[in-house]
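Comments concern the structure below.
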Amino acid sequence: MLLNPRLKDQRICKVVTSQTLDKKALIELEGEFIEVNKIMGFSFVNGEYALLKTFKGSEESLVVAMSRTEQLHYHDEIKAIKEKRRLADRRERLSTRIIPINADISDEHISEKIKFLFQPDLTSNQFNEALVEVFSVVAAQENESYDKLKEQLYEKADTAINRNIILNKSFREAHDFMTIMVSRIKTKADHLQFFRAVNFFLKRLNLRIKEGKTNAEKVSAIFEPIYESYVESFGSNFLDLWVNKINTDD
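If you read the sequence shown in the working numbering, its first letter stands for residue 405, the second for the next number, and so on.
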């Protein structure tokens, strides 16, 4: 895009505050907040992206609304700025949300977060965010009175990890992961984790049926090797009941 001959420079900025009868506006430019001149009588929408234009000769800078042509020209650049800001905000939220490993586990905030983790019907995002906050604090406790809590938290963390893999990886990767789970089953807790994984996997497959992206025959072909792997080692009674329950609930 050709620059106006009268301009020395123009840069994308974000308008933070702007009043119609004020000659000044507060903008954010490359992470810094700056008060600049604007046209009196014109007001921006707070959060709007505009151009800070510097004119030749006077070196005066003025924040100006983008024309339609400029909006189209700078579309990708503005999108990149928004994404960069979003990631920076997320990093900041994470850094302020993680509780120091030497924090007092009896602290009211930490106690409430731990209780929150054990509430039913949490979304995966809600659980993952709360887990990030308290996991290291609980894991660092050496007092035996916290052993039961640590065991429960580890179990929930394992479930969250399994869920993320099964729901977000490819079907082949999820299939291979569950086959490996079967080969490592040794305890009652291992069986429970596998059954939870079956729940996540079948619900994902059944959702694809509802969306018309697959059919029951293909779902059976995908799940059958996992089913047979478990049944060969541990029998079918409990697994059949569990699968029927999942399919009935759906």
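Even glycine gets a Cβ: it sits at the ideal position worked out from N, Cα and C.
As the structure is a prediction and not an experimental result, all values here were calculated from the model.
Please determine, among His595, Ser587 and Glu628, the residue with the shortest C-alpha to C-alpha distance to leucine 606. Within the sequence shown, residue 606 is the residue found at index 202, counting from 1. Ranking the options by Cα distance to leucine 606, first place goes to Glu628.
Which whole runs of the beta strand (DSSP E) in the segment 572-626 are 3 residues long or more, in chain order? none
Could you pull out every residue in the same chain whose Cβ sits closer than 7 angstroms to the Cβ of threonine 473, ignoring the five residues on either side in sequence? As a position in the sequence shown, residue 473 is number 69, starting the count at 1. So the list is empty, once near-sequence residues are dropped.
What is the C-beta distance between glutamate 559 and alanine 593, in whole angstroms, given that I count them as a contact (C-beta under 8 angstroms)? Residue numbering aside, residue 559 sits at position 155 when the sequence shown is read from its first letter. Residue numbering aside, residue 593 sits at position 189 when the sequence shown is read from its first letter. Between alanine 593 and glutamate 559 the Cβ distance is about 6 angstroms, and since that is below 8 angstroms, they are a contact.
Apply the 10 Å Cβ neighbour rule to lysine 517 and answer buried if 16 or more other Cβ atoms are within range, or exposed otherwise. One-based indexing of the sequence shown puts residue 517 at position 113. Buried, by the Cβ-count rule.
Count the other CB atoms within 10 Å of the CB of serine 499; is the residue buried (16 or more) or exposed (fewer)? For this step, residue 499 is matched to residue 95 along the sequence shown. Here the model assigns serine 499 a pLDDT of 49, short of 50, so the residue's position is not dependable, and the following value carries that caveat. Exposed is the call here.
Between the alpha carbons of glutamate 615 and asparagine 651, how many angstroms are there, rounded? If you number the sequence shown from 1, residue 615 lands on position 211. If you number the sequence shown from 1, residue 651 lands on position 247. Approximately 16 angstroms, taken between the alpha carbons.
Element boundaries [beta strand (DSSP E), containing alanine 534]: By one-based count along the sequence shown, residue 534 stands at place 130. Element bounds for alanine 534: not the beta strand (DSSP E) but the alpha helix (DSSP H), 528-543.
For aspartate 644, the nearest candidate out of Glu533, Leu491 and Asn603 (CA to CA): Position 240 of the sequence shown holds residue 644. Taking only the C-alpha atoms, the option nearest aspartate 644 is Asn603.
Can you list the beta strand (DSSP E) stretches of 3 or more residues lying completely in the segment 435-472, in chain order? 436-441, 453-459 and 465-468
Where do the N-terminal and C-terminal ends of the beta strand (DSSP E) with glutamate 546 fall, by residue? For the purposes of this step, residue 546 is identified with residue 142 of the sequence shown, where counting begins at 1. That residue, glutamate 546, is in no beta strand (DSSP E); it is neither H nor E in DSSP.
From what residue to what residue does the alpha helix (DSSP H) around lysine 412 run? Position 8 of the sequence shown, counted from the first residue, corresponds to residue 412. Counting along the chain, lysine 412 falls outside any alpha helix (DSSP H), though it belongs to the beta strand (DSSP E) covering 411-422.
Taking the CB atoms as reference points, tell me whether phenylalanine 353 and lysine 519 lie closer together than 8 angstroms. Since the displayed the chain opens at 405 and closes at 654, residue 353 lies outside it and no answer follows.
Span separating the alpha-carbon of leucine 433 from that of glutamate 463: By one-based count along the sequence shown, residue 433 stands at place 29. By one-based count along the sequence shown, residue 463 stands at place 59. The straight-line gap from Cα to Cα measures roughly 17 angstroms.
Go to leucine 430, then tell me how far its beta strand (DSSP E) extends in each direction, as first and last residue. In the sequence shown, counting from the first residue as 1, residue 430 sits at position 26. Residues 428-433.
The segment 520-527 contacting the segment 561-568, beta-carbon criterion three pairs below 8 angstroms: no
Given a cut-off of 8 angstroms, decide if isoleucine 613 and asparagine 669 are closer than it, judged by their beta-carbon atoms. Because the chain is modelled from 405 through 654, residue 669 falls outside the range shown and cannot be assessed.
Among residues of its own chain, excluding the 5 on either side of phenylalanine 575, which ones have a beta-carbon nearer than 7 angstroms to its beta-carbon? Position 171 of the sequence shown, counted from the first residue, corresponds to residue 575. Excluding sequence neighbours, phenylalanine 575 sits near Ile626.
What would DSSP say about aspartate 511, mapped onto helix, strand or coil? For this step, residue 511 is matched to residue 107 along the sequence shown. Aspartate 511: coil per DSSP, three-state reduction.
Counting Cβ pairs closer than 8 angstroms, one from the segment 447-461 and one from the segment 414-423, do we hit at least three? yes
C-alpha distance - phenylalanine 437 paired with isoleucine 569, whole-angstrom precision: Here residue 437 refers to the residue found at position 33 when the sequence shown is read from its first residue. Here residue 569 refers to the residue found at position 165 when the sequence shown is read from its first residue. Spanning the two alpha carbons is a distance of roughly 41 angstroms.
Taking 8 angstroms as the threshold (beta carbon to beta carbon), is asparagine 572 in contact with chain B? Going by chain labels, chain B is absent from the structure shown, which holds only one protein chain.
With 16 as the cutoff for other CB atoms within 10 Å, does serine 422 come out buried or exposed? Working through the sequence shown from its first residue, we reach residue 422 at position 18. Serine 422 comes out buried.
Can the beta-carbon of valine 467 be found closer than 8 angstroms to that of valine 440? Along the sequence shown, one-based indexing puts residue 467 at 63. Along the sequence shown, one-based indexing puts residue 440 at 36. Yes, the pair counts as a contact, with Cβ atoms nearer than the cut-off.
Is it buried or exposed for phenylalanine 598, if we count other Cβ within 10 angstroms and need 16 for buried? The sequence position of residue 598 within the sequence shown is 194, counting from 1. Counting Cβ neighbours within 10 Å, phenylalanine 598 comes out buried, since at least 16 surround it.
Within 10 Å of its beta-carbon, does leucine 491 have 16 or more other beta-carbons around it, so buried, or fewer, so exposed? Mapped onto the sequence shown, residue 491 falls at position 87. Leucine 491 should be labelled exposed.
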